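A quick write-up on the structure given underneath.
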Amino acid sequence: MSESTEATETTRAVDTPEPAKDERPAPATPRDRLVAFTVRNWRWIALGVLLLTAVWAPFQLVPFRVFQFTMVMVYAVALLGLNLLTGHAGQISLGHGAFFAVGAYGTAVMMFHWELPYPLTLPLAAALAFVIGLAFGVPATRLRGLYLALVTLAIAIFIVPLLKRFESVTGGSMGLTLEKPSAPAWTGLAPDQWLYFLALAVTILAFVAVRLLLRSRVGRALHSVRDSETAAEVMGVKPASYKRLAFAWSAMFAGAAGCLYTWTIGFVSPDSFTVNLSITLLAGIVVGGLGSTWGPLLGGLFVMFVPSFSQDINKAAPGVIFGLLIIAVMYVAPTGLAGLAGRAAHWFNKTRSNRILRKG
Amino acid sequence: MRGTAVSAAVLLAATTAAACGGRDDGDGGGTASGACEGQQTTGITDSTLKLGGIYPLSGPASAYGAIPKGIQAYFDYVNAEKGGIDGRKVEFTVRDDGYQPPKAVEEARRLVEQEQVFALFQTLGTPSTTATWDYTNQRKVPQIFVATGASKWGADDKHPWTIGWQPNYLSEGRVYAQYLKQEKPEAKVAVLFQNDDFGEDLLGGFKKAIEGSKIKIVQEKSYEVTDPSVEAQMRDLAGSGADVFLNITTPKFGSQALAADAKMTDWNPLHVLNNVAASVTVLKPVGFKNVQGVVSSTYYKDPNDPQWDDDAEMKLYKAKMKQYEPGADPAVPYHAYGWAVASSFHKAMEAAKCKTREGLRDSVHNLNNVEVPMLLPGVTMKTGPDDGFPIESMQMMEFKGERWSLVGEVIDTRKEFGPLGD
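Chains as they are written, first to last, in my numbering: chain A, 136 to 495; chain B, 441 to 862.
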């Protein structure tokens with residue numbers, strides 16, 4: 136996968152601070168010092184601003200917009216998992232929607248039949264998806280490329296009739312309708328705001344978890360498996376077990392996202408989790424930026440907003456416009472939207488250092 | 441590290457901000473005064489009326505995307521030539537959900553909160569309607585004449601703001617039972633049905649209606665929507681020796697079953713095809729000579745049927761479709777369906793005492809044999825406090841030559857079997 140390698144290259148360029156920065160002499164005036172501080176920490180500041188905006192937004196927007204952003208985060212969490220598998224471990228999956236469905240249905244069954252309190256369903260749904268992901272990770276250790284794509288596609292196809300079969304548990308093709316979680320009284324939040332903050336908390340948690348995972352030994356092992364299995368093996372990394380684990384983790388995030396989905400929509404039916412969902416998710420992460428930090432979030436925004444945007448352009452064939460937009464994005468930004476942002480940041484860094492050089 | 445300290449501070453600030461309370465859940469719309477005091481008037485003024493519909497314009501069910509074109513043509517015609525409904529020009533906004541429930545929820549919220557529509561006039565499909573009806577009922581937004589034949593829209597008392605329109609599948613099953621009681625009182629029936637709520641509703645209605653009669657179901661076989669073919673099921677059914685074949689299928693499988701029946705020359709049952717698969721476009725690939733004598737049922741006028749060529753409403757429909765939706769073919773029955781449901785809405789809205797959301801809700805639950813010209817003569821809309829099913833009558837039709845011809849009288853299942861839900 137040449138795109139994914141490129142993508143990490145760009146990310147790496149963005150993530151590692153340039154050593155030249157710290158060697159600069161400290162500027163004298165307080166104003167200069169402030170500027171230098173801002174410039175040096177712009178990534179932290181941007182993150183802070185993003186978080187503040189995320190917290191402030193639900194109080195300013197109409198519930199419909201709040202709902203949309205909640206769904207963006209649901210997709211972002213699912214895409215985080217897919218990014219881990221496809222972007223970082225180099226394994227293609229056309230069946231991510233199936234694990235999403237496992238999480239969603241797991242949550243629905245736990246809330247509907249067992250009447251568990253909803254916060255409990257999140258870890259349980261994630262764990263369930265993890266176990267199933269581990270089981271389906273077995274073929275991943277033996278197959279690669281198109282063959283693996285085919286096997287994962289089969290998972291996505293067979294989940295829908297499976298969900299329709301066990302009617303007493305899954306509600307058949309009618310699905311299950313559930314109560315949505317409501318905010319505890321002390322918060323004074325409307326239900327949509329509460330769901331938004333639940334999703335925000337899970338999203339932050341998921342982003343931090345992925346970040347820590349990738350910075351550890353495991354992350355480096357995954358990258359080595361992706362870049363060259365032979366080299367990885369020579370260095371003492373077992374590709375088979377890491378591939379299987381990558382599958383399980385990616386399924387776990389999909390399961391957590393599925394749980395959030397059930398909380399937000401309050402209704403599950405087999406037709407919500409068709410092959411289309413898996414393909415949309417894959418398109419989302421490729422457009423967002425495979426192997427990049429912010430790819431999942433950008434992909435979530437794309438998956439959520441572009442279909443309705445393309446509907447505004449042409450009512451007759453929204454699908455066509457959606458497809459054309461994907462092609463356009465891939466043409467303009469072959470490393471995804473995150474890659475585009477990375478390139479912009481790179482360009483910004485370059486011009487800045489040029490300016491400093493000129494000044495100096 | 442300074443960066444970490446900064447981010448920690450930011451996070452702290454963020455959580456503090458989060459701790460301060462919610463928002464007033466104010467609705468942008470106003471309320472009425474006078475006799476209808478306190479009722480909601482969002483989306484309606486003295487000169488305009490905003491409606492929103494959600495249809496699959498893309499995705500696997502996009503054939504149904506033709507329905508809003510018929511509706512749009514009707515409203516364009518009423519706005520331009522009749523001064524709107526009670527002097528209110530109708531603005532009809534259509535959104536696409538691709539037949540996906542989460543998209544339907546998003547679009548319902550968009551229509552209600554951002555577009556501030558007066559009512560959702562049609563959501564299409566059982567999954568999409570199920571996903572949205574809790575929301576519309578919490579917000580007290582009418583969800584009128586939903587385009588699905590499931591029986592739950594009328595049978596549920598927790599969702600007074602949602603109501604169906606077309607005959608539900610239970611009633612359709614009753615219609616076939618009634619027809620067989622008259623034509624073949626000792627029928628031995630073989631059934632093929634789709635294994636989901638649609639198939640079970642229709643078969644359930646049929647089974648209940650034949651209780652106590654001499655009609656027997658000798659064999660039933662189901663299939664999944666994901667099955668490639670129903671040929672194996674058809675071979676089993678042919679061995680049952682039944683003299684009636686009840687075909688409860690969606691279009692693709694309907695034509696497979698018709699083709700299989702035509703191929704098996706040693707089994708020649710009376711073929712009863714359900715309404716959703718009875719479109720001429722389904723029968724054509726099978727070959728018209730192979731489907732002669734197949735029977736089905738309907739409730740609105742088929743634009744392809746020459747007997748309506750001189751019908752005033754049909755003429756109006758064809759002329760106005762040509763005028764306001766020149767790109768759409770008036771011969772497509774889905775357009776006629778849209779026209780029929782839009783004019784049903786027109787009647788219900790006109791009849792509402794209060795021109796408010798509450799008024800519309802009460803009006804659609806109090807239809808007293810309302811005649812809609814696009815429906816078959818004798819098919820009327822009737823609802824009441826315990827009856828949430830507007831149309832429950834259908835007429836049988838038989839395939840002759842290249843089109844359906846109506847046979848017999850309109851079968852009123854209300855009269856024959858009593859209200860649903862008992």
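Cβ coordinates follow ideal geometry from the N, Cα and C atoms, glycine included.
For clarity, every value in this text was computed on a predicted model and none was experimentally measured.
Within chain A, partners of residue i - CB distance below 8 angstroms
i	result
residue 496(B)	Those do not exist, as residue 496(B) stays about 10 angstroms from chain A at its closest Cβ, beyond 8 angstroms.
residue 539(B)	406
residue 666(B)	292, 295, 296
Partner residues on chain A for residue i, Cβ-Cβ distance less than 9 angstroms
i	result
residue 588(B)	Within 9 angstroms Cβ-Cβ: nothing; residue 588(B) doesn't reach chain A, min ~12 angstroms.
residue 567(B)	308, 309, 310, 402, 404, 405, 406, 407
residue 570(B)	309, 310, 312, 402, 404
residue 708(B)	Simply none; closest approach about 33 angstroms.
Straight-line gap, residue i to residue j (C-alpha atoms, nearest Å)
i	j	result
residue 156(A)	residue 440(A)	Below a pLDDT of 50, predicted positions are generally treated as unreliable, and residue 156(A), at 48, falls in that range; no measurement from the model is reported.
residue 678(B)	residue 636(B)	23 angstroms
residue 465(B)	residue 325(A)	The predicted position of residue 465(B) is uncertain, since its pLDDT is 47 and thus under 50; a value taken from the coordinates is nonetheless stated next. Going by the C-alpha atoms only, they are around 8 angstroms apart.
residue 720(B)	residue 395(A)	44 angstroms
residue 329(A)	residue 317(A)	7 angstroms
residue 855(B)	residue 814(B)	22 angstroms
residue 499(B)	residue 537(B)	9 angstroms
residue 699(B)	residue 623(B)	24 angstroms
residue 718(B)	residue 647(B)	21 angstroms
residue 479(A)	residue 436(A)	19 angstroms
residue 462(B)	residue 179(A)	Here the model assigns residue 462(B) a pLDDT of 47, short of 50, so the residue's position is not dependable and the matter cannot be decided.
residue 738(B)	residue 685(B)	18 angstroms
residue 260(A)	residue 562(B)	35 angstroms
residue 841(B)	residue 704(B)	21 angstroms
residue 712(B)	residue 642(B)	13 angstroms
residue 211(A)	residue 471(A)	15 angstroms
residue 413(A)	residue 770(B)	37 angstroms
residue 458(B)	residue 190(A)	Caution applies to residue 458(B), whose pLDDT of 47 falls short of 50 and renders its modelled position unreliable; the model cannot decide the point.
residue 475(A)	residue 468(A)	6 angstroms
residue 484(A)	residue 356(A)	30 angstroms
residue 824(B)	residue 743(B)	31 angstroms
residue 171(A)	residue 165(A)	10 angstroms
residue 542(B)	residue 587(B)	18 angstroms
residue 778(B)	residue 487(B)	23 angstroms
residue 753(B)	residue 801(B)	27 angstroms
residue 901(B)	residue 681(B)	The first residue shown for chain B is 441 and the last is 862, placing residue 901(B) beyond what the model contains.
residue 650(B)	residue 627(B)	10 angstroms
residue 611(B)	residue 653(B)	18 angstroms
residue 481(B)	residue 215(A)	44 angstroms
residue 461(A)	residue 454(A)	11 angstroms
Counterpart residues of residue i in DSSP-defined beta bridges
i	result
residue 838(B)	735(B), 845(B)
residue 201(A)	None; residue 201(A) has no bridge partner.
residue 901(B)	Past the edges of chain B, shown from 441 to 862, lies residue 901(B), and the structure says nothing about it.
residue 821(B)	810(B)
residue 878(B)	For residue 878(B) there is no data in the structure shown, the boundaries of chain B being 441 and 862.
residue 631(B)	660(B), 686(B)
residue 587(B)	564(B)
Partner residues on chain B for residue i, Cβ-Cβ distance less than 7 angstroms
i	result
residue 486(A)	Those within 7 angstroms of residue 486(A) in chain B number zero; the least Cβ separation is about 23 angstroms.
Under 7 angstroms by beta carbon: chain A residues contacting residue i
i	result
residue 554(B)	197, 199
residue 545(B)	400
residue 636(B)	299, 307, 308
Within chain D, partners of residue i - CB distance below 9 angstroms
i	result
residue 437(A)	This model lacks chain D altogether, as its protein chains are A and B.
Per-residue contacts from residue i into chain B (C-beta, under 8 angstroms)
i	result
residue 206(A)	542, 546
residue 202(A)	545, 546, 549
*Pair every Cβ in the region 434 to 448 of chain A with every Cβ in the region 383 to 400 of chain A, then say whether three or more of these pairs are closer than 8 angstroms.*
no
*Note down, in chain order, all residues in the region 270 to 296 of chain A with a beta-carbon under 9 angstroms from any beta-carbon belonging to chain B.*
292, 293, 295, 296
*Listed from N- to C-terminal order along the chain, which residues in the region 371 to 404 of chain A have their beta-carbon within a distance smaller than 9 angstroms of any beta-carbon of chain B?*
396, 399, 400, 401, 402, 403, 404
*Would you call the region 194 to 204 of chain A and the region 539 to 558 of chain B touching, i.e. three or more CB-CB distances under 8 angstroms?*
yes
*Quick one, which residues of the region 209 to 237 of chain A are near chain B if we go by CB-CB under 7 angstroms, in chain order?*
none
*Tell me, please, whether the region 822 to 837 of chain B touches the region 599 to 618 of chain B by the rule of three or more beta-carbon pairs shorter than 8 angstroms.*
yes
*With a cut-off of 8 angstroms, do at least 3 Cβ pairs link the region 242 to 260 of chain A to the region 423 to 433 of chain A?*
no
*Do the region 365 to 383 of chain A and the region 500 to 513 of chain B make contact, defined as three or more Cβ pairs closer than 8 angstroms?*
no
*Using Cβ-Cβ distances below 9 angstroms, what residues of the region 341 to 371 of chain A are close to chain B?*
none
*Is it a yes or a no for the region 590 to 599 of chain B touching the region 783 to 795 of chain B, going by three-plus beta-carbon pairs under 8 angstroms?*
no
_Contact residues within the region 571 to 583 of chain B, judged by C-beta distance below 7 angstroms to chain A_ = 571, 574
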